[in-house]
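In what follows, a single structure is set out as structure tokens and then discussed.
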Amino acid sequence: MSSNAQLPENMKVIEISQPGEPEVLVSAERPLPVLAQGEILVKVAAAGVNRPDVMQRRGQYAPPPGASDIPGLEIAGTVVAVGVGVQRYAPGDAVCALIAGGGYAEYCKVHESNALPVPQGFSMIEAAAMPETFFTVWVNVFQRGHLRAGKPC
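Residue numbers (this note's numbering): 862 to 1014.
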């Protein structure tokens, strides 16, 4: 792992203490995530709130297998460390990302392919609300719809 900063061993997170309304969200402490190949560690500045976050809090949506039980599927922040093989980002880069969980935390690990540079002129709060929509449109238009330059729709 490559980093420009001294990182703490633990981080603050928001956990779901039991299924319910917003009052069940509680502050806790957890170890910093360990990076795998191709992952970046982001110091979270803002996290989006989505329907799955609300459903998870109510006990109606389980995190995918292997995903963090910490809620939060969209984040924006600053890269503070990179794992082996990361090509696109370096410590200090501002990114937003779509993740499988773990966004309600001080730090979040993200595969570099799920991160985007924060668009120029966007605040971190605005950037945190963007990834879910962007990736949904991209997958549907370009991967499933096969839209290409010069080809009619």
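Glycine residues also receive a C-beta, built at the ideal position from the N, C-alpha and C atoms.
>> Which runs of the alpha helix (DSSP H) at least 4 residues long sit entirely within the region 949–994? Give them in chain order.
In response: Here the runs fully enclosed are 985–989.
>> Measuring alpha carbon to alpha carbon, tell me which residue in P952, D954 and C969 is nearest I960.
In response: If you number the sequence shown from 1, residue 960 lands on position 99. Considering only alpha carbons, the answer is C969.
> Looking at C-beta atoms only, is the number of pairs between the region 894–904 and the region 973–981 that lie closer than 8 Å three or more?
Replying inline: Output reads yes: the region 973–981 touches the region 894–904.
> Can Q938 and V905 be called in contact, C-beta distance under 8 Å?
Replying inline: Looking up residue 938 in the sequence shown gives position 77. Looking up residue 905 in the sequence shown gives position 44. The question names Gln, but residue 938 is Gly in the sequence shown. The answer is yes: Cβ separation under 8 Å.
>> Report the CB separation of R918 from I877 in whole angstroms; it is logged as a contact under 8 Å.
In response: Stepping through the sequence shown from its first residue, residue 918 is reached at position 57. Stepping through the sequence shown from its first residue, residue 877 is reached at position 16. With a beta-carbon spacing of about 5 Å, R918 and I877 fall inside the 8 Å limit used to define contacts.
>> For the alpha helix (DSSP H) containing V915, name the first residue and the last one.
In response: To locate residue 915, count along the sequence shown from 1; it is residue 54. R912 to R918 is the span of the alpha helix (DSSP H), which, as asked, contains V915.
> How many Å lie between R1005 and T994 at the Cα?
Replying inline: Locating residue 1005 in the sequence shown gives position 144, counting from the first residue. Locating residue 994 in the sequence shown gives position 133, counting from the first residue. Distance from the CA of R1005 to the CA of T994, rounded to the nearest whole angstrom, comes to 15 Å.
> Going by the beta-carbon positions, is the gap between I955 and L868 smaller than 8 Å?
Replying inline: Taking the sequence shown and counting its residues from 1, one reaches residue 955 at position 94. Taking the sequence shown and counting its residues from 1, one reaches residue 868 at position 7. The question names Ile, yet the displayed sequence has Ala at residue 955. Contact flag unset, no.
> The beta strand (DSSP E) with S888 in it runs from where to where?
Replying inline: For the purposes of this step, residue 888 is taken as the residue at position 27 of the sequence shown. Element bounds for S888: L886 to P892.
> With C-beta atoms as the reference, is I936 less than 8 Å away from A989?
Replying inline: Mapped onto the sequence shown, residue 936 falls at position 75. Mapped onto the sequence shown, residue 989 falls at position 128. Contact annotation: I936 and A989 have beta-carbon atoms nearer than 8 Å.
> Which one of E870, G909, G953 and V910 has the shortest CA to CA distance from P892?
Replying inline: As a working note, residue 892 is residue 31 in the sequence shown. Among E870, G909, G953 and V910, the Cα nearest to that of P892 is on E870.
> What are the boundary residues of the beta strand (DSSP E) that E876 is part of?
Replying inline: The residue you call residue 876 lines up with position 15 of the sequence shown. From DSSP, the beta strand (DSSP E) with E876 extends over N871 to I877.
>> According to DSSP, simplified to helix, strand and coil, what is V895?
In response: Walking along the sequence shown from the start, residue 895 turns up at place 34. Three-state result, V895: coil.
> For G927 versus D914, is the C-beta distance shorter than 8 Å?
Replying inline: Against the sequence shown, residue 927 aligns to sequence position 66. Against the sequence shown, residue 914 aligns to sequence position 53. If you check the CB distance, G927 and D914 do not come in under 8 Å.
>> The beta strand (DSSP E) that contains G938, what's its start and end?
In response: What you label residue 938 is simply residue 77 of the sequence shown in a count that begins at 1. Per DSSP, the continuous beta strand (DSSP E) segment holding G938 begins and ends at E935 to V943.
>> How far does the beta strand (DSSP E) with A907 in it extend, from its first residue to its last?
In response: Residue 907 sits at position 46 when you count from the first residue of the sequence shown. A907 -> beta strand (DSSP E) spans E900 to A908.
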